[in-house]
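Numbering-wise (our numbering), the sequence shown opens with residue 201 and increments by one.
From the three backbone atoms N, C-alpha and C, an ideal C-beta is built for every residue, glycine too.
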Amino acid sequence: MNKYYKELLGMMNKNENEVKRLLILNYANALTEIKKELKDYMSRYDDLTYAQMLQCNRLKSLEAQINSILDKLYNTNSKDISNHAFRSYEENYFGLFYELESKYKINLSFSMISEDYVKKAIEYPVGGLNLSERLYGKHLNDLKIKVKACLTDHMINDKGYKVMAKKLSEISNADYKQSLRIAITEGNRLRSLARQDSYEEATDLGIDLKKKWLATLDSKTRCLHRALDGQVKNVDEEFEISGYTALEPRLFGVASMDIHCRCDTINVVEGISPELRRDNETKKVIPYKNYNEWYENRVVGEQLEM
Numbered sequence: 201m202n203k204y205y206k207e208l209l210g211m212m213n214k215n216e217n218e219v220k221r222l223l224i225l226n227y228a229n230a231l232t233e234i235k236k237e238l239k240d241y242m243s244r245y246d247d248l249t250y251a252q253m254l255q256c257n258r259l260k261s262l263e264a265q266i267n268s269i270l271d272k273l274y275n276t277n278s279k280d281i282s283n284h285a286f287r288s289y290e291e292n293y294f295g296l297f298y299e300l301e302s303k304y305k306i307n308l309s310f311s312m313i314s315e316d317y318v319k320k321a322i323e324y325p326v327g328g329l330n331l332s333e334r335l336y337g338k339h340l341n342d343l344k345i346k347v348k349a350c351l352t353d354h355m356i357n358d359k360g361y362k363v364m365a366k367k368l369s370e371i372s373n374a375d376y377k378q379s380l381r382i383a384i385t386e387g388n389r390l391r392s393l394a395r396q397d398s399y400e401e402a403t404d405l406g407i408d409l410k411k412k413w414l415a416t417l418d419s420k421t422r423c424l425h426r427a428l429d430g431q432v433k434n435v436d437e438e439f440e441i442s443g444y445t446a447l448e449p450r451l452f453g454v455a456s457m458d459i460h461c462r463c464d465t466i467n468v469v470e471g472i473s474p475e476l477r478r479d480n481e482t483k484k485v486i487p488y489k490n491y492n493e494w495y496e497n498r499v500v501g502e503q504l505e506m
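Structure below.
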């Protein structure tokens, strides 16, 4: 594991921590709003029985207000998860060219990222559902049902605000964990796509490279993934194990092989074409201190010149 890959891992960990922070903030804000609505409601209508609340549609009004808060929560979550996935793709795609240029002292005319392409990749169906459908079609609906059940149960049995608020916090925490799992899964899926796309681009530019499966070897690692560790393939070849095939980790298309996978691939450079070496003979190669400095010059700088 070279220093460039270690630097990239550090960036990915930082991104995961950032999306985790944002999701925690989103749920905390939503829960605060819901508790405020609930407290106001109970202070105004505490003397009504559950049947009376239903008769005068007071409960429906509260449900509508809470559902509006939950809709807003999921809209914000969706944006944060998509942004995390985009950053994951961007850093892993450009990360290869940062390493190749720095390590081999060459300048590469690599393609820039198409935002439309990455956005379509983020929305690509997984298990038959795209990101929006997984968030809104299933999880948001489940959350609304759980919150409604909580309100109904506690008001029928007159359990009081504190008990209800505690239960809502538990529901919120469970849903946050679910959203975080989706965020990490999406980020890692886009990371794998970026790896493959960058390998193909580098090959087209004249870099003779292969890809090597890198497994995290501990007790949590799947036996099949442990068996793949160290397997080397040509860029366009799929890794194979027990009837499963994939170009990269997390791209088997099978939940039991993809979810919570911590594997990766690393590049194995076997040569640089003579034409590419000749093209670089008269070019000045600037040594960069880190990825961010390289990115500002080689990606942002190039885009400004276009």
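Contact fails between the region 469-480 and the region 260-273, because fewer than three Cβ pairs, one in each stretch, are under 8 Å apart. Each of Gly295, Ala228, Ile371 was checked against the Cα of Asn202, and the nearest Cα belongs to Gly295.
Of all C-beta pairs linking the region 213-230 to the region 363-382, three or more are shorter than 8 Å, placing the two stretches in contact. For the pair of segments examined, the region 418-429 was found not to touch the region 309-324: the number of CB pairs separated by less than 8 Å stays below three. Counting other Cβ atoms within 10 Å of its Cβ, Val326 reaches 16 or more and is therefore classed as buried.
Rounded to whole angstroms, the separation of the alpha carbons of Asn277 and Leu351 is 24 Å.
In this structure, the CA atom of Tyr298 is about 17 Å from the CA atom of Lys411.
DSSP places Gly471 in the uninterrupted beta strand (DSSP E) bounded by 464-472. Listed in chain order, the non-local C-beta contacts of Glu237 below 6 Å within the same chain comprise Gln265, local neighbours out to five positions each way being set aside. Linking Arg389 to His354 through their CA atoms gives a straight-line distance of about 41 Å.
Taking 7 Å as the cut-off, the Cβ atoms of Ile441 and Leu451 do not count as close. When secondary structure is reduced to three states using DSSP, Lys305 falls in the coil class, being assigned neither helix nor strand.
Per DSSP, the unbroken beta strand (DSSP E) holding Asp408 starts and ends at 407-414.
With a cutoff of 7 Å on beta-carbon distance, Ala374 and Val219 are scored as not near each other.
Distance between Glu301 and Cys463, taken at the CA atoms: about 25 Å. Taking a cut-off of 8 Å for Cβ pairs, the region 390-406 and the region 284-295 touch, as three or more such pairs fall below it.
If you compare the alpha carbons of Leu308, Met312, Ile313, Val485 with that of Thr403, the shortest gap goes to Leu308. Proximity to Ile281 across Gly387, Asp316, Arg498, Glu207 peaks at Gly387, based on C-alpha coordinates. For a cut-off of 8 Å, the C-beta gap from Ala394 to Tyr289 is around 4 Å, short enough to register as a contact. In the structure shown, Glu440 falls within a strand segment according to DSSP collapsed to helix, strand and coil. Residue range 341-356 is occupied by the alpha helix (DSSP H) that includes Lys348. Proximity to Ala415 across Leu409, Leu335, Thr465 peaks at Thr465, based on C-alpha coordinates.
Judged by DSSP secondary structure, Asn434 falls within the beta strand (DSSP E) whose first and last residues are 432-434.
In this structure, DSSP gives Leu225 a helical state, which the three-state scheme calls helix. For the set Glu438, Met242, Lys348, Ile371, the Cα lying nearest the Cα of Asp358 is the one of Met242. Taking C-alpha positions only, Ile459 is separated from Arg478 by approximately 44 Å. In the displayed model, Thr445 falls within a strand according to three-state DSSP. When secondary structure is reduced to three states using DSSP, Val318 falls in the helix class.
Straight-line spacing of the CA atoms in Asn490 and Leu262 works out to 52 Å. Cβ neighbours of Asn275 within its own chain (closer than 7 Å, five residues either side excluded): none. With fewer than 16 other CB atoms across the displayed protein chains lying within 10 angstroms of its CB, Val485 is exposed.
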